[in-house]
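Residue numbers (the working numbering): 337 to 598. Even for Gly, the Cβ is constructed at its ideal location relative to N, Cα and C. Computed from a prediction, not measured in an experiment: that's the story for all the values here.
Structure representation (structure tokens):
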């Protein structure tokens with residue numbers, strides 16, 4: 337397992353620690369600013385910046401030779417030639433973070449190594465929960481007859497509507513991509529499908545954790561997710577229980593293998 341030979345901290349352990357510690361900082365700044373009755377935009381902006389600076393400083397210290405792709409950072413050109421690129425979202429679900437009492441926001445830390453996600457963690461700080469690739473989450477057995485599709489709080493992505501109608505599924509609404517993907521990991525939902533636009537940092541860590549848990553993870557056409565592309569835009573994402581994947585892809589493409597299957 338890759339890691340720091342001096343500290344003995346593996347990449348997965350580092351991702352988990354940073355996701356947790358960044359979450360603690362976010363909870364602290366949120367509490368302090370809400371106590372001062374700061375406007376929501378200030379809570380969100382301060383949280384984004386604080387978490388980004390923390391993650392960047394820690395990754396530079398722990399893995400100085402690795403590149404970083406962060407939602408809040410400037411482009412790191414080393415990522416185009418590096419075999420190891422950390423893809424982080426310092427605060428996924430910024431709007432939810434800015435709303436008092438909401439818990440559906442997250443911190444994402446993932447490592448793309450050559451051609452695959454080799455480590456990752458998603459923390460849900462307001463719930464005091466963290467999910468990592470090592471140890472991988474234990475996927476609970478499916479216990480409901482009617483599947484649940486988790487979707488956006490504010491809009492209905494077309495793919496989610498198509499899948500819900502085709503499978504006769506119930507809908508669950510949550511904020512951040514990390515919160516939605518982890519809802520599938522813990523069994524609160526069965527399918528998360530999104531085609532309304534997102535970036536690499538929105539899905540990298542959730543994809544890493546979901547794959548480690550044994551879920552189906554792909555683009556909405558069934559093709560593999562590829563990270564560290566020059567364009568940070570990776571607009572769609574599918575996480576679901578493997579036993580539902582064929583039904584989801586058939587609903588979307590009329591083929592249980594999906595359009596991108598090879």
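Taking the DSSP output, what are the residues bridged to residue i?
i	result
residue 444	425 and 458
residue 575	528 and 553
residue 439	None, per the DSSP bridge assignment.
residue 487	509
residue 449	420 and 452
residue 403	421
residue 569	535
For residue i, is the classification buried or exposed, using 16 other Cβ atoms within 10 angstroms of its Cβ as the cut-off for buried?
i	result
residue 479	exposed
residue 537	buried
residue 471	exposed
residue 597	Legend: pLDDT at residue 597 = 38, less than 50; position of this residue unreliable, no value from coordinates given.
Please determine, among the options, the residue with the shortest C-alpha to C-alpha distance to residue i.
i	options	result
residue 454	502, 515, 587 and 421	421
residue 412	568, 555, 385 and 438	568
residue 508	374, 440, 425 and 370	440
residue 432	385, 511, 398 and 409	511
residue 419	483, 393 and 450	450
residue 600	404, 581, 523 and 398	The shown model of the chain, from 337 to 598, leaves out residue 600, and the question about it has no answer.
residue 375	513, 393, 434 and 402	434
residue 391	576, 408 and 527	408
What residue does the alpha helix (DSSP H) around residue i start on, and which one ends it?
i	result
residue 373	Run containing residue 373: none; DSSP gives neither H nor E here.
residue 466	Looking at the DSSP string, residue 466 is not in any alpha helix (DSSP H); the run it does join, the beta strand (DSSP E), is 465-468.
residue 562	Taken as a continuous stretch (DSSP letters only), residue 562 belongs to no alpha helix (DSSP H), as it is neither H nor E.
residue 500	494-503
residue 432	430-433
If you follow the beta strand (DSSP E) that residue i is part of, which residue opens it and which one closes it?
i	result
residue 507	506-510
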